[in-house]
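Encoded as structure tokens, the structure appears first; notes follow it.
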Amino acid sequence: MKIEKNKVVLLDFELTDGDGIVLENTETSGELPYIHGLGNLLPVLEKSLEGKEVGQNIEVRVSKEDGYGEYDEENVFYISKDNFEQLDDIYEGLEFNAQTEDGPLLCTIKSIEDDQVLIDANHPYAGKTLNFKFKILSIRDATEEELEHGHVHMDIPF
Ligand SMILES: [Zn+2]
8 MKIEKNKVVL
18 LDFELTDGDG
28 IVLENTETSG
38 ELPYIHGLGN
48 LLPVLEKSLE
58 GKEVGQNIEV
68 RVSKEDGYGE
78 YDEENVFYIS
88 KDNFEQLDDI
98 YEGLEFNAQT
108 EDGPLLCTIK
118 SIEDDQVLID
128 ANHPYAGKTL
138 NFKFKILSIR
148 DATEEELEHG
158 HVHMDIPF
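Here our numbering = 1-based position in the sequence shown + 7.
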């Protein structure tokens with residue numbers, strides 16, 4: 008079976024930045040499942056994985072342009088601590104999804120100063136060159152329900 012649209016793919020992966028520092032890998036984050044062709048992964052990654060088979064190893068270097076863009080200082084700003092009332096605990100480094108007109112946006116708390124919280128709305132990988140190493144572990148057809156939901160159901164075996 009080859010990777011094509013609407014296949015569920017399970018990957019062993021390692022992600023390093025331009026300096027070779029490991030940002031994430033299977034040990035830290037677990038094996039990576041995704042549905043091919045739904046935009047779950049960066050387009051440049053899906054393009055590299057297209058047509059590949061179980062057991063193949065793939066390396067992809069993703070430029071800032073193809074990845075998460077430049078780091079923008081204007082995306083760092085203060086908001087009132089009141090916005091976090093629903094959370095039990097907030098702390099430096101906490102990542103959370105802010106609801107925006109364009110959907111959820113991953114943000115990071117940079118610092119907390121009295122009743123103000125300094126937010127970084129840049130993607131954590133903005134401004135970085137990303138090197139992905141993948142090994143394809145499994146491929147199967149997505150179920151109708153998975154395609155409706157747009158995500159992998161891990162209880163369905165490969
Ligand atoms: Zn679901």
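Heads up, the beta-carbon is just placed ideally off N, CA and C, and yes, glycines get one too.
Relative to residue 9, the option among 62, 137, 139, 79 whose CA is nearest is 62. Between ligand 1 and residue 43, a heavy atom-to-CB distance of less than 6 Å is absent. Under the three-state reduction of DSSP output, residue 38 falls in the coil class, being neither helix nor strand.
Boundaries for residue 80: no beta strand (DSSP E) harbours it, and the DSSP string shows neither H nor E there. By the Cβ-count criterion, residue 29 is exposed, with fewer than 16 other Cβ atoms from all chains shown falling within 10 Å of its own Cβ. Counting C-beta atoms within 10 angstroms of its own C-beta, residue 135 has 16 or more neighbours from the protein chains shown and is therefore classed as buried. Taken from the Cβ of residue 156, at least one heavy atom of ligand 1 lies inside 6 Å. Under the DSSP assignment, residue 54 falls in the alpha helix (DSSP H) whose first and last residues are 50-56.
Of all alpha-carbon atoms in 23, 69, 85, the one lying nearest the alpha-carbon of residue 35 is that of 23.
For residue 102, the enclosing beta strand (DSSP E) covers residues 102-107. If you check the CB distance, residue 144 and residue 19 come in under 7 Å. Secondary structure note for residue 144: its beta strand (DSSP E) is the uninterrupted segment 137-148. Under DSSP, residue 110 takes part in a beta bridge, and its partners are 107. A Cβ-Cβ separation of about 6 Å places residue 15 in contact with residue 40 under the 8 Å criterion.
According to DSSP, residue pairing for residue 85 in a beta bridge involves 125. Annotation for residue 79: 129, 133 place their beta carbon closer than 8 Å to its own, counting only its chain and skipping 5 residues before and after.
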